[in-house]
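In the numbering used here, the protein residues as written are 39 to 774.
Note that the Cβ used here is the ideal one computed from N, Cα and C, for glycine as well.
Quick notes on the structure that follows.
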């Protein structure tokens, strides 16, 4: 009986394999892209940029300014030229504004300003504002938080959320707005939580919404699996802690904006212009032109806030000014206005669930994989035509995804996933190509097997299994590179004849190499007395930076042991400087086809070399980069040395001295580090006399401490002549 599978069995097996490969690719896309599995940074940034692009494609929402419930009362440059006082204004101004706005019939008022301290113009101003808030009970003032995480917690609730007017009506709205990884503000939190308590405080827009809905001041949104609930509002959650702001339009042109001077200018308030011309204008309550009588503010939600550049209250947002796609900044009060208007209109931006997104990814994966595989199976003399057709099909699918996404956003306020579907299409296109290649390669391998008798089978098998051995190339990996050099080696070598020099150099290099190998490092090369090594390649390590730092400390200990012995033997003094940098660098076989070396290359490698030489400036032995310090700070005692621009670079880097393993650090060394770090903090804060005291104390603990000597000198110089206002503490190294 024949055991050969039938053609139908072969086709079924082929379809099963293709389906399995396609589903595997879909799972990879889901795992790497969806939030629930930890999104890769690239995918996250791309997804966020598509949201911005959707706003750009949609354009402003078709609402006339006067139809929007939210009105902005701006504190602008015009205000300062109109009213008698300079910003920050006496708080009686805001009390007057509250009175006048309520006379005009507004429904609620939000003041996007924090009042943490009493008014410098006198307590009567605070009394007036306090009384106005208590009287009308439709006012929300801004509150601040001390944030610890994306959970948005308040560290010290006893401070009334940084507002002295909290007792007036408990109407404080937290003005913190989270930004995304790219620095753009797209999300809005509904509340902040007091740690250790079941107590929540509404955010600014939600606090104003409480006034609009007639809810108690302290009402905060409830949470279900997919929504926030406040009053009759059901707000879709964009992530665990926030909603997505539906920006109604670009900055400056979307909401009606009234200068606060026009609200203050009633019959009992004298503006600069009225004082100069001795003629009342009364833009607020003049019977003919006054805002009070035109009805434009009746039932409106009014937000008062800074609207001038010096306030530094600008945020990068998803929408840009018209005809200026590079200008996407918006004042904070207008950002809150967009969030509040979203809550009022209830035109929330929603996105499909992760399950729905996963189903879409799986369907697109199957369609793409089978379609491309079918196209590539077409036999023709002109194979490039098939490739072009496959690319056109893929481009058409991606274009369809984008068009559907933009349409859903503009028409239905739905944020369709774009990155995961496109990734599914592209990865399945690549996967189908790889599948096709491997299938054909299997056939070629079978054919080669027929001719193995004509060649050495071991040679053939080796070349087939490892073709990379015959070609150049490398890969980019995060590694730790190490450089060391003997200080003043030229003088060192001049004191010895060639035989003795080689002998003691061999002794030193052998000891250093043993330590590198013991700590799982790879010796890259010797250049005279210099040693170059790398950790993390070719053998991967859980924390290559930690292994490298341990090796560096052990090498310094061994160097001191050798130096002591050489001194007794009358040999030259030995001092070794070391530099370590952890970053992404290219590793692999580099060179010509006839001769190549396994090494690392790149800017990160050059930086490690520069750091070794930079030790001389600070009188240190081991200098490490900020990334290295970040990876070893739990195990190693380090102290910051400088914001340094090494020779040949323009961007400063933060560098540290590796002092000791924390578990082995002497008490005196720990105390020295603490005193020195206090001095550095004062130095960075331009408190140079306090810095002098701390660095002097550090030198009392260790008189030969190089960094303390250096910063004592710098601090003394700056104490006599202060650095310019734009001084940022960066030091440029002029030598290698």
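Boundaries of the alpha helix (DSSP H) harbouring residue 758: 744-758, taken from the DSSP string.
Distance between residue 227 and residue 685, taken at the CA atoms: about 45 Å. The shortest C-alpha to C-alpha distance from residue 466 to any of 263, 356, 64 is the one to 64. In the DSSP assignment, residue 311 falls within the unbroken alpha helix (DSSP H) covering 310-315. Under DSSP, residue 367 takes part in a beta bridge, and its partners are 354. About 5 Å separates the beta carbon of residue 60 from that of residue 404, a gap short enough to meet the 8 Å contact definition. In this structure, the straight-line span from the alpha carbon of residue 434 to that of residue 406 is close to 11 Å. From the listed residues 117, 210, 263, 265, the smallest Cα separation to residue 255 is found for 210. Between residue 618 and residue 586, the CB-CB gap stays under 9 Å.
567 is the residue among 563, 557, 554, 567 whose C-alpha sits nearest the C-alpha of residue 528.
For the beta strand (DSSP E) assignment, the uninterrupted runs of no fewer than 3 residues enclosed by the stretch 596-675 are, from N- to C-terminal side, 614-629, 634-639, 660-663. According to the DSSP assignment, residue 403 belongs to the alpha helix (DSSP H) that extends over 392-414.
Under the three-state reduction of DSSP output, residue 267 falls in the strand class. The C-alpha of residue 612 lies about 10 Å from the C-alpha of residue 599. A residue is called buried once 16 or more other Cβ atoms fall within 10 Å of its Cβ, and residue 263, having fewer, is exposed. Put simply, of 705, 386, 430 the residue whose alpha carbon is nearest the alpha carbon of residue 413 is 430. For residue 146, DSSP records a beta bridge to 339. Counting C-beta pairs closer than 8 Å gives three or more between the stretch 724-731 and the stretch 751-768, which meets the contact rule. With a threshold of 16 other beta carbon atoms within 10 Å, residue 555 falls short and is exposed.
Each residue's CA atom was taken as its position, placing residue 663 and residue 715 some 17 Å apart. In its chain, beyond the 5 residues on either side, 304, 305, 330 have a beta carbon closer than 7 Å to the beta carbon of residue 323. Counting C-beta atoms within 10 angstroms of its own C-beta, residue 544 has fewer than 16 neighbours from the protein chains shown and is therefore classed as exposed. With a beta-carbon spacing of about 6 Å, residue 150 and residue 342 fall inside the 8 Å limit used to define contacts. Between the stretch 451-459 and the stretch 370-390 there are three or more inter-stretch CB-CB distances shorter than 8 Å, so the stretches are counted as touching. Contact annotation: residue 515 and residue 623 have beta-carbon atoms nearer than 9 Å. For residue 707, the enclosing alpha helix (DSSP H) starts and ends at 705-722. Using a Cβ distance threshold of 9 Å, residue 336 and residue 142 count as a contacting pair. Apart from sequence neighbours up to five positions away, the residues of its chain that approach residue 267 with a beta-carbon distance below 8 Å are 259, 260, 261, 273, ordered along the chain. The C-beta distance from residue 297 to residue 116 rounds to 5 Å, short enough to meet the 8 Å contact threshold. Note that the stretch 367-374 touches the stretch 273-291; at least 3 beta-carbon pairs, one per stretch, sit closer than 8 Å. In this structure, residue 338 lies away from residue 178, with their beta-carbon atoms at least 9 Å apart.
Taking 9 Å as the cut-off, the Cβ atoms of residue 651 and residue 677 do not count as close.
For the pair residue 396 and residue 462, the Cα-to-Cα distance works out to about 10 Å.
The three-state secondary structure of residue 174, taken from DSSP, is helix. Within the same chain, 335, 338, 340 come within 6 Å of residue 144 by CB-CB distance, once the 5 residues on both sides are set aside. Contact check between the stretch 164-176 and the stretch 351-360: fewer than three CB pairs, one atom from each, fall below 8 Å, which does not count as touching.
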